[in-house]
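Numbering (the working numbering), first residue to last: 1 to 122.
Below, the structure written as C-alpha coordinates:
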(Lines of atoms letter the chains of each structure in order from A; the text may use other names.)
(Lines give C-alpha, C1' and ligand atoms only; values in the text may rest on other atoms or scores of the structure.)
Protein backbone atom coordinates (compact mmCIF):
# COMPACT_ATOMS: atom_id res chain seq x y z
CA UNK A 1 0.00 0.00 0.00
CA UNK A 2 2.90 2.35 0.61
CA UNK A 3 3.83 2.17 -3.08
CA UNK A 4 0.28 3.10 -4.07
CA UNK A 5 0.25 6.04 -1.65
CA UNK A 6 3.52 7.25 -3.16
CA UNK A 7 2.14 6.83 -6.67
CA UNK A 8 -0.96 8.84 -5.77
CA UNK A 9 1.22 11.63 -4.36
CA UNK A 10 3.15 11.74 -7.61
CA UNK A 11 -0.01 11.71 -9.74
CA UNK A 12 -1.14 14.79 -7.83
CA UNK A 13 2.29 16.39 -8.13
CA UNK A 14 2.32 15.74 -11.89
CA UNK A 15 -0.79 17.91 -12.27
CA UNK A 16 0.58 20.74 -10.14
CA UNK A 17 -1.06 19.83 -6.86
CA UNK A 18 0.56 21.78 -4.05
CA UNK A 19 1.97 20.85 -0.64
CA UNK A 20 1.54 17.11 -1.21
CA UNK A 21 2.09 15.05 1.94
CA UNK A 22 1.87 11.30 2.55
CA UNK A 23 1.22 10.35 6.18
CA UNK A 24 1.96 6.84 7.43
CA UNK A 25 -0.86 5.94 9.83
CA UNK A 26 -0.01 2.24 10.17
CA UNK A 27 -0.60 1.31 13.81
CA UNK A 28 -1.88 4.80 14.60
CA UNK A 29 -5.36 4.69 13.07
CA UNK A 30 -8.10 2.17 12.44
CA UNK A 31 -9.43 4.45 9.69
CA UNK A 32 -6.68 3.91 7.14
CA UNK A 33 -3.00 3.06 6.73
CA UNK A 34 -2.08 6.16 4.72
CA UNK A 35 -3.40 9.64 4.10
CA UNK A 36 -2.36 11.55 1.00
CA UNK A 37 -3.07 15.24 1.54
CA UNK A 38 -2.76 17.94 -1.11
CA UNK A 39 -3.97 21.39 -2.06
CA UNK A 40 -5.50 22.49 -5.34
CA UNK A 41 -5.17 26.09 -6.53
CA UNK A 42 -8.97 26.31 -6.83
CA UNK A 43 -12.05 24.15 -6.30
CA UNK A 44 -11.98 23.18 -9.97
CA UNK A 45 -8.29 22.26 -9.75
CA UNK A 46 -8.96 20.10 -6.66
CA UNK A 47 -11.74 18.27 -8.52
CA UNK A 48 -9.48 17.81 -11.54
CA UNK A 49 -6.69 16.41 -9.36
CA UNK A 50 -9.09 13.90 -7.81
CA UNK A 51 -10.29 12.78 -11.25
CA UNK A 52 -6.69 12.37 -12.39
CA UNK A 53 -5.92 10.23 -9.32
CA UNK A 54 -8.96 8.03 -10.00
CA UNK A 55 -7.97 7.56 -13.65
CA UNK A 56 -4.30 6.81 -12.92
CA UNK A 57 -5.01 4.40 -10.05
CA UNK A 58 -7.43 2.52 -12.26
CA UNK A 59 -5.00 2.45 -15.21
CA UNK A 60 -1.95 1.32 -13.24
CA UNK A 61 -3.46 -0.69 -10.36
CA UNK A 62 -6.98 -1.60 -11.56
CA UNK A 63 -8.39 -0.28 -8.27
CA UNK A 64 -11.64 1.62 -8.20
CA UNK A 65 -12.30 4.20 -5.50
CA UNK A 66 -14.45 2.69 -2.74
CA UNK A 67 -16.15 5.97 -1.87
CA UNK A 68 -15.75 9.63 -2.76
CA UNK A 69 -17.08 12.88 -1.36
CA UNK A 70 -16.86 16.54 -2.31
CA UNK A 71 -16.28 16.06 -6.02
CA UNK A 72 -19.27 18.29 -6.85
CA UNK A 73 -18.03 21.40 -5.03
CA UNK A 74 -14.27 20.78 -4.88
CA UNK A 75 -13.36 22.60 -1.67
CA UNK A 76 -12.48 19.26 -0.02
CA UNK A 77 -12.47 16.13 -2.16
CA UNK A 78 -12.02 12.77 -0.43
CA UNK A 79 -11.17 9.56 -2.26
CA UNK A 80 -11.40 6.46 -0.09
CA UNK A 81 -9.34 3.50 -1.25
CA UNK A 82 -9.87 1.78 2.15
CA UNK A 83 -6.17 1.50 3.09
CA UNK A 84 -5.41 4.91 1.59
CA UNK A 85 -7.55 8.02 1.92
CA UNK A 86 -6.80 10.94 -0.37
CA UNK A 87 -7.73 14.46 0.81
CA UNK A 88 -7.52 17.24 -1.76
CA UNK A 89 -8.41 20.67 -0.40
CA UNK A 90 -8.57 24.22 -1.58
CA UNK A 91 -6.20 26.36 0.50
CA UNK A 92 -8.78 27.72 2.94
CA UNK A 93 -10.22 24.31 3.86
CA UNK A 94 -6.78 22.77 4.26
CA UNK A 95 -5.73 25.52 6.66
CA UNK A 96 -9.00 25.22 8.58
CA UNK A 97 -8.97 21.44 9.05
CA UNK A 98 -5.18 21.09 9.33
CA UNK A 99 -5.07 17.28 9.16
CA UNK A 100 -1.30 17.28 9.50
CA UNK A 101 -1.66 18.80 12.97
CA UNK A 102 -4.39 16.34 13.98
CA UNK A 103 -2.17 13.45 12.87
CA UNK A 104 1.09 15.04 14.08
CA UNK A 105 2.33 11.72 15.48
CA UNK A 106 2.21 10.14 11.99
CA UNK A 107 5.43 9.98 9.99
CA UNK A 108 5.62 11.72 6.64
CA UNK A 109 6.64 9.44 3.78
CA UNK A 110 9.28 10.86 1.46
CA UNK A 111 8.46 10.28 -2.20
CA UNK A 112 9.77 11.17 -5.63
CA UNK A 113 8.99 10.37 -9.27
CA UNK A 114 11.55 7.55 -9.38
CA UNK A 115 9.69 5.66 -6.64
CA UNK A 116 6.49 5.88 -8.65
CA UNK A 117 8.12 4.40 -11.75
CA UNK A 118 9.60 1.55 -9.71
CA UNK A 119 6.27 0.84 -7.98
CA UNK A 120 4.35 0.72 -11.28
CA UNK A 121 6.95 -1.53 -12.93
CA UNK A 122 6.53 -4.23 -10.25
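Every residue gets a Cβ at the ideal spot worked out from N, C-alpha and C, and that includes glycine. Because the structure is a prediction, the values reported are computed rather than measured.
Helix, strand or coil at residue 91 according to DSSP, with G and I counted as helix: helix
Count the CB pairs spanning the segment 18 to 34 and the segment 58 to 67 that are closer than 8 Å, and state whether there are at least three. Judged by Cβ distances under 8 Å, the segment 18 to 34 makes no contact with the segment 58 to 67, as fewer than three pairs qualify.
Where does residue 10 land, buried or exposed, given buried means 16+ other C-beta within 10 angstroms? buried
To the nearest angstrom, how far is the alpha carbon of residue 38 from that of residue 72? Taking the straight line joining both Cα atoms gives about 17 Å.
Can you tell me where the beta strand (DSSP E) holding residue 34 begins and where it ends? 34 to 40 is the span of the beta strand (DSSP E), which, as asked, contains residue 34.
When DSSP builds the beta bridges, which residues end up paired with residue 108? 23
Where does the unbroken beta strand (DSSP E) through residue 79 begin, and where does it stop? 76 to 80
Please classify residue 86: does DSSP put it in a helix, a strand, or coil? strand
Kindly confirm or deny that the segment 94 to 105 and the segment 48 to 56 touch, where touching means at least three C-beta pairs closer than 8 Å. no
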